[in-house]
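K.L.:
A single structure is presented below for examination.
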Ligand SMILES: *Cc1c(COP(=O)(O)O)cnc(C)c1O
């Protein structure tokens with residue numbers, strides 16, 4: 051089976067991990083610091099806080115921005131459930147903004163309309179969470195301007211988008227957002243096994259997330275209420291978690307980050323190949339946007355008979371997948387009152403979307419096999 055995505059691990063990565071195993075630190079230590087500083091440099095962010103998953107990073111980002119009971123966050127229905135769930139873990143509510151069917155990203159016109167209507171009822175979301183679907187950045191400048199106008203905060207769910215660029219600047223620089231979140235799950239662009247990061251230019255937000263990542267405890271005398279009673283002394287200032295990344299994971303993440311450029315170039319090359327090789331196949335190809343360079347986490351085509359094509363591709367050994375079942379249609383969210391028809395563009399998008407294999411170690415012959423299987427299964431449909 052050719053998977054839709056997979057990690058690329060080489061000897062460098064293995065050596066980096068093995069080195070940590072014989073060092074003094076296994077969990078959060080010097081490798082975590084090195085990974086954070088390299089991430090910040092690469093993405094032009096002053097602060098990078100790494101944690102054990104993007105889900106944890108989203109949770110900490112929302113908490114740092116004060117999301118709690120009585121608040122609402124808005125995101126896209128075309129995302130992984132974690133984007134929304136993290137807000138529920140803060141005690142907040144979730145609502146959605148429909149997508150632009152061309153990109154799969156939050157439709158900024160729909161966002162503007164919804165803000166206008168909600169402002170009339172005095173109900174502005176505390177945080178809006180655009181998701182850079184498939185690695186294609188959302189139009190952040192417009193979203194950032196709406197944030198200033200209406201007074202909400204912005205967290206970018208860039209789980210798909212490390213290495214992508216917006217207006218020729220790296221995603222993660224938070225030029226139009228408060229915090230940007232990455233995922234290092236093996237299926238994403240670079241991996242640390244499990245892992246995630248929250249990047250920000252705001253020292254206060256970074257400090258808050260660092261503290262919450264480790265039980266809400268500080269050992270920094272500056273942040274303490276009382277004078278340190280001795281070298282052992284620490285204070286718990288808030289209710290935090292154990293969301294730490296290990297040094298083992300950070301060493302892998304850092305080694306992978308060194309190859310980010312190479313990975314993105316290969317993904318872009320594969321995407322360009324798909325564009326040309328599929329141009330005569332009756333499927334809709336992913337759109338591009340002038341203001342952005344995608345990291346190509348996913349290559350999503352739209353096919354008329356999705357179930358037929360999905361089954362035929364899987365039977366041919368091609369590990370296609372579907373991104374995503376709209377979050378509001380999940381039973382858990384329906385029980386909160388969402389219904390089919392609430393976000394029609396997202397629902398239409400889901401009905402025809404098919405992610406075909408794309409990963410940096412994909413070979414020429416693997417790609418040709420995917421193209422051939424897609425041609426056959428599309429023409430075999432009704
Ligand atoms: C993968 C993903 C997440 C969750 O990432 P984890 O690191 O697995 O917690 C969140 N949002 C989106 C859009 C994702 O693709």
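Residue numbers (this note's numbering): 51 to 432.
Heads up, the beta-carbon is just placed ideally off N, CA and C, and yes, glycines get one too.
Keep in mind it's a predicted model, so treat the numbers as computed, not measured.
Is the beta carbon of residue 248 closer than 9 Å to that of residue 110?
P.N.:
A contact, by the Cβ cut-off of 9 Å.
K.L.:
Report the rounded CA-to-CA distance for residue 415 versus residue 235, giving the unit in angstroms.
P.N.:
Distance between the alpha carbons of residue 415 and residue 235 is about 26 Å.
K.L.:
In three-state terms, what does DSSP make of residue 243?
P.N.:
Of the three classes helix, strand and coil, the one that applies to residue 243 here is coil, per DSSP.
K.L.:
Is the distance from the Cβ of residue 399 to the Cβ of residue 128 below 9 Å?
P.N.:
In this structure, residue 128 lies closer than 9 Å to residue 399 by Cβ.
K.L.:
Tell me the rounded alpha-carbon separation between residue 222 and residue 295.
P.N.:
Near 19 Å, if we compare the C-alpha coordinates of residue 295 and residue 222.
K.L.:
To the nearest angstrom, how far is the alpha carbon of residue 169 from that of residue 176?
P.N.:
Going from the Cα of residue 169 to the Cα of residue 176 covers about 12 Å.
K.L.:
Name the one or two DSSP bridge partners that residue 285 has.
P.N.:
Partner(s): 268.
K.L.:
Please return the same chain residues whose Cβ sits closer than 7 Å to the Cβ of residue 118, not counting the five positions on each side in sequence.
P.N.:
The residues are 140, 141 and 142.
K.L.:
Would you say the beta carbon of residue 104 comes nearer than 8 Å to a heavy atom of ligand 1?
P.N.:
Result yes, Cβ under 8 Å from ligand 1.
K.L.:
Is any non-hydrogen atom of ligand 1 found closer than 8 Å to the C-beta of residue 120, if you look at the structure I gave you?
P.N.:
Result no, Cβ not under 8 Å from ligand 1.
K.L.:
Are residue 302 and residue 63 touching if we call contact CB-CB under 9 Å?
P.N.:
Yes, the Cβ-Cβ distance between residue 302 and residue 63 is below 9 Å.
K.L.:
Taking the straight line between their C-alpha atoms, what separation do you get for residue 293 and residue 350?
P.N.:
Distance between the alpha carbons of residue 293 and residue 350: 32 Å.
K.L.:
Extract the residue ranges of the beta strand (DSSP E) inside the segment 290–377, only unbroken runs of 3 or more that lie entirely within it.
P.N.:
If we require 3 residues or more, the beta strand (DSSP E) runs fully inside the segment 290–377 come out as 349–352.
K.L.:
For residue 201, which of 136, 228 and 242 has the nearest alpha-carbon?
P.N.:
Taking only the C-alpha atoms, the option nearest residue 201 is 228.
K.L.:
For residue 412, name the three-state secondary structure that DSSP assigns.
P.N.:
It is coil, neither helix nor strand.
K.L.:
By DSSP, does residue 146 sit in helix, in strand, or in coil?
P.N.:
Of the three classes helix, strand and coil, the one that applies to residue 146 here is strand, per DSSP.
K.L.:
Would you identify the three-state DSSP class for residue 214, choosing helix, strand or coil?
P.N.:
It is coil, neither helix nor strand.
K.L.:
Go through its chain and collect everything with a Cβ distance to residue 297's Cβ below 8 Å, but skip five positions before and after it.
P.N.:
Here the set comprises 70, 73, 75, 76, 77, 78, 79, 80, 81 and 82.
K.L.:
For residue 342, tell me which candidate among 94, 324 and 184 has the shortest Cα-Cα distance.
P.N.:
Nearest of 94, 324 and 184 to residue 342, Cα basis: 184.
K.L.:
Ligand 1 and residue 244: does the residue's C-beta get closer than 8 Å to at least one heavy atom of that ligand?
P.N.:
Within the cutoff, so yes.
K.L.:
What did DSSP end up calling residue 191 once you bin it into helix, strand or coil?
P.N.:
Helix, per DSSP.
K.L.:
Sorted by chain position, which residues of the same chain lie with C-beta nearer than 7 Å to residue 428's C-beta, five sequence neighbours on each side aside?
P.N.:
For residue 428, where only same-chain residues beyond five positions count, the Cβ hits under 7 Å are 331, 332, 333, 353 and 359.
K.L.:
Consider the C-beta atom of residue 181 and the heavy atoms of ligand 1; say whether any pair is separated by less than 8 Å.
P.N.:
Residue 181: yes, Cβ under 8 Å from ligand 1.
K.L.:
Taking all protein chains shown into account, do 16 or more other C-beta atoms lie within 10 angstroms of the C-beta of residue 148, making it buried, or fewer, making it exposed?
P.N.:
Residue 148 should be labelled buried.
K.L.:
Is there a C-beta anywhere in chain C that falls below 9 Å from the one on residue 150?
P.N.:
Checking the listed chains, one finds no chain C in this structure; it contains a single protein chain.
K.L.:
Distance check for residue 356 and residue 432, CA to CA, integer angstroms please.
P.N.:
Legend: pLDDT at residue 432 = 47, less than 50; position of this residue unreliable, value from coordinates given subsequently. If you take the alpha carbons of residue 432 and residue 356, they lie about 11 Å apart.
K.L.:
Between the Cα of residue 240 and those of 166, 85, 181 and 133, spot the shortest distance and give me the residue it belongs to.
P.N.:
For the residues 166, 85, 181 and 133, the minimum Cα distance to residue 240 belongs to 85.
K.L.:
For residue 56, name the three-state secondary structure that DSSP assigns.
P.N.:
Correct three-state label for residue 56: coil.
K.L.:
Between which two residues does the alpha helix (DSSP H) containing residue 262 stretch?
P.N.:
That run of the alpha helix (DSSP H) goes 253–263.
K.L.:
Roughly how many whole angstroms lie between the Cα atoms of residue 389 and residue 345?
P.N.:
For residue 389 and residue 345, the distance between alpha carbons rounds to 33 Å.
K.L.:
Flag residue 408 as yes when its Cβ comes closer than 8 Å to any non-hydrogen atom of ligand 1, and as no otherwise.
P.N.:
Outside the cutoff, so no.
K.L.:
Starting from the N-terminal side, write out each stretch of the alpha helix (DSSP H) that is 4 residues or longer and does not extend beyond the segment 380–407.
P.N.:
As far as the segment 380–407 is concerned, its whole alpha helix (DSSP H) runs of at least 4 residues are 381–384 and 394–402.
K.L.:
By Cβ distance below 7 Å, which residues in the same chain neighbour residue 65 in space, the five residues on each side in sequence not counted?
P.N.:
None.
K.L.:
If you compare alpha carbons, which of 193, 182, 269 and 263 is closest to residue 281?
P.N.:
Nearest of 193, 182, 269 and 263 to residue 281, Cα basis: 269.
K.L.:
If you count every other CB in all the chains shown that lies within 10 Å of the CB of residue 68, and 16 or more means buried, which is it?
P.N.:
Exposed.
K.L.:
Using the Cβ count rule (16 or more neighbours within 10 Å means buried), how would you classify residue 209?
P.N.:
Buried is the call here.
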